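Participant: My questions all concern the structure below.
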Amino acid sequence: MKIDVLTIFPEFFGQVFDFGIIRRAKLAGIVDVNVHDIREFAADKHKMVDDRPFGGGDGMVLKPEPIFAAIESLLGTSERAAYPAGTKVVLLSPQGKPFDQTGAEDLAEQAAHLVLICGRYEGVDERVNDALVTQEISIGDYVLSGGEAAAVVVVDAVVRLLPDALGSETSAGNDSFSNGLLDCPHYTRPAEFRGMKVPDILLNGHHAEIEKWRREKALEKTRLVRKDLLEGENGEM
Ligand code: ADE
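For the sequence shown, my numbering assigns the number 1246 to the initial residue and increments by one for each residue that follows.
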């Protein structure tokens, strides 16, 4: 997968993609992540990337020209219908569709080239959304000062789902949400720490009993903090 991030704060991303699974996936050639400064695509001599909103109001709006130029440079076109197959152009904004594990799985499966546009200030000129964007994503019902932190969240959630990104020792199959439940508790050595003991069943239980215990604990936790996940179609509850 190729990932391009468009931002007016490229320094924000520093080393954020150079740790753990993302770093390993980059080194293994599973993903290529590049960050681009929108300002470099501004054609005027002041390299303006934002301007005051038509109709008045507070704050500044990201201008369309540099973002269109950036997309043309990356994709060879700003005609959405002419994007190469497997191209997803995502705008990160609080107005987007809420991001969840299914959204991450869909991008991991379908996107060969993922372009993430980080919104800023009071917003992005709507013509970017109308003409360039294939989907608008919000990472939650709160307002960030920009889409940069959200782009990091999306990259992390998607890259770890790419084939072979997790390596053979782990799999995404037991993740929270992948089966509609939160994850069960985990323990490691020591078996007793400051008087707190690891549940007996994990020490001398059998595989089937451990699996049953894990599922019960996952259900218990989900019921306690995320009852909404149990409502709806999941008939096996
Ligand atoms: N930009 C500002 N707030 C955001 C959010 N909640 N999700 C994605 N991008 C954002």
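By construction, the Cβ of each residue, glycine as well, lies at the ideal position given by its N, Cα and C atoms. What you are looking at is a predicted structure, and each value in this text was computed from that prediction instead of being measured.
Check for me: the beta strand (DSSP E) holding H1281 runs from which residue to which?
Facilitator: Here the question's residue 1281 lines up with position 36 in the sequence shown. Element bounds for H1281: 1277-1282.
Participant: Report yes if the C-beta of L1337 is less than 7 Å from at least one heavy atom of the ligand ADE; otherwise report no.
Facilitator: Counting from one through the sequence shown, the residue named residue 1337 turns up at place 92. Answer for L1337: yes, Cβ within range of the ligand ADE.
Participant: Please name the residue in D1345, R1269, A1287 whose C-alpha comes closest to that of E1317.
Facilitator: Locating residue 1317 in the sequence shown gives position 72, where the first residue counts as 1. Checking every option, the nearest Cα to that of E1317 belongs to A1287.
Participant: Could you tell me which of N1424, A1436, E1476, E1310 sits nearest to A1463, measuring between CA atoms?
Facilitator: Counting from 1 along the sequence shown, the entry for residue 1463 is found at position 218. Closest by alpha carbon: N1424.
Participant: Return yes when the C-beta of G1391 is under 7 Å from any heavy atom of the ligand ADE, and no when it is not.
Facilitator: Along the sequence shown, one-based indexing puts residue 1391 at 146. At least one heavy atom of the ligand ADE is nearer than 7 Å to the Cβ of G1391, so yes.
Participant: Hey, quick one: how far does the alpha helix (DSSP H) through P1408 stretch, first residue to last?
Facilitator: Residue 1408 sits at position 163 when you count from the first residue of the sequence shown. Run containing P1408: none; DSSP gives neither H nor E here.
Participant: Would you mind sorting I1384 into buried or exposed? The rule is 16 or more other CB atoms within 10 Å of its CB.
Facilitator: Stepping through the sequence shown from its first residue, residue 1384 is reached at position 139. That one is buried.
Participant: Report the residue from G1477, P1430, V1276, N1449 whose alpha carbon sits nearest the alpha carbon of L1359.
Facilitator: As a position in the sequence shown, residue 1359 is number 114, starting the count at 1. In terms of Cα proximity to L1359, the closest of G1477, P1430, V1276, N1449 is V1276.
Participant: K1308: buried (16+ other C-beta within 10 angstroms of its C-beta) or exposed?
Facilitator: On the sequence shown, residue 1308 is found 63 positions in, with the first residue counted as 1. When all chains shown are included, K1308 counts as buried.
Participant: Could you spell out the range, first to last residue, of the beta strand (DSSP E) harbouring V1335?
Facilitator: One-based indexing of the sequence shown puts residue 1335 at position 90. Looking at the DSSP string, the run of the beta strand (DSSP E) that includes V1335 is 1332-1343.
Participant: When the Cα of L1407 is compared with those of D1289, S1338, K1466, A1357, which residue comes out closest?
Facilitator: Along the sequence shown, one-based indexing puts residue 1407 at 162. The candidate whose alpha carbon is nearest that of L1407 is A1357.
Participant: Taking just the CA atoms, how far does E1461 sit from G1471?
Facilitator: On the sequence shown, position 226 is the one that residue 1471 refers to. On the sequence shown, position 216 is the one that residue 1461 refers to. The question names Gly, but residue 1471 in the sequence shown is Arg. Their Cα atoms are separated by approximately 15 Å.
Participant: Provide the residue(s) that pair with E1437 in DSSP beta bridges, ordered along the chain.
Facilitator: Stepping through the sequence shown from its first residue, residue 1437 is reached at position 192. Answer is K1442, bridged to E1437.
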